[in-house]
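Working notes for the structure below.
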Amino acid sequence: MATTPAFQAEQLTFADCRVTSFQLGRPGTPLPNAEDVASFSYTFTSEQGVDFDNAIIRIALHVAIEAKRTDEALPNELVGEIRTETFFRVTGLDALMATEDACAARAEAILTSATVRLS
Numbered sequence: 004m005a006t007t008p009a010f011q012a013e014q015l016t017f018a019d020c021r022v023t024s025f026q027l028g029r030p031g032t033p034l035p036n037a038e039d040v041a042s043f044s045y046t047f048t049s050e051q052g053v054d055f056d057n058a059i060i061r062i063a064l065h066v067a068i069e070a071k072r073t074d075e076a077l078p079n080e081l082v083g084e085i086r087t088e089t090f091f092r093v094t095g096l097d098a099l100m101a102t103e104d105a106c107a108a109r110a111e112a113i114l115t116s117a118t119v120r121l122s
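For the sequence shown, this note's numbering begins at 4 and goes up steadily by one.
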């Protein structure tokens, strides 16, 4: 049984990072008063992809911010979001893709996503 090729930390070099969106509040909807908010809840969603032609890994992060109300009968309210993208250059990608299981590695690396909720 062959093993799936993997990137090594020394193959990655930071290329760029940017905030693509930052929003606090929603148009036409006022933010809740501070005394009405007990705490905040954050949902993190990440998405990763590989541009094999340019040897770039892209990691996108989306954070949804919800206000938890002091009145527990009221639902959480979406009050903001942050979206970022981070890019890494990969050295030796051509050698990695030349391995026996390169097709499987390429299919796995194209896109993965995950969601984590913190309250």
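Beta carbons are placed, not taken as given, at the ideal position from N, Cα and C, and that holds for glycine.
Quick caveat: nothing in here was measured; it's all calculated off a predicted structure.
Could you tell me if residue i is buried or exposed, where buried requires 16 or more neighbouring beta carbons within 10 angstroms of its beta carbon?
i	result
GLU69	buried
ALA98	exposed
VAL82	buried
ALA37	exposed
Less than 8 angstroms between C-beta atoms, sequence neighbours within five positions excluded: which residues of the same chain meet that for residue i?
i	result
CYS20	THR87, GLU88, THR89 and PHE90
PRO35	ALA70, ARG72, GLU80 and VAL82
State the Cα-Cα distance for the pair residue i and residue j, rounded to the nearest angstrom.
i	j	result
SER49	ALA41	27 angstroms
ARG72	LEU96	49 angstroms
GLN26	GLU84	5 angstroms
ALA76	VAL66	24 angstroms
GLN11	PHE47	25 angstroms
ALA110	VAL22	Low confidence applies to ALA110: its pLDDT is 48, below 50, so where it sits in the model is not reliable enough to give any reading.
Tell me which residues share the same chain as residue i and place their Cβ nearer than 7 angstroms to its Cβ, disregarding the 5 neighbours each side in the sequence.
i	result
PHE17	PHE91
ASN57	none
Once DSSP output is grouped into helix, strand and coil, what is the label at residue i?
i	result
GLN14	helix
LEU34	coil
ASP39	helix
ALA76	coil
Who are the near neighbours of residue i in its chain, counting only those whose CB is closer than 6 angstroms to its CB and skipping five residues on each side?
i	result
ALA63	GLU50 and GLU88
THR94	GLN14
Could you pull the DSSP bridge partners for residue i from this structure?
i	result
GLU69	SER44 and LEU81
ASP19	PHE90
LEU27	GLY83
Would the beta-carbon of residue i be found less than 7 angstroms away from any heavy atom of the ligand PLP?
i	result
ALA98	Inclusion of the ligand PLP in the displayed structure is not the case, the ligand content being empty and no account of it being possible.
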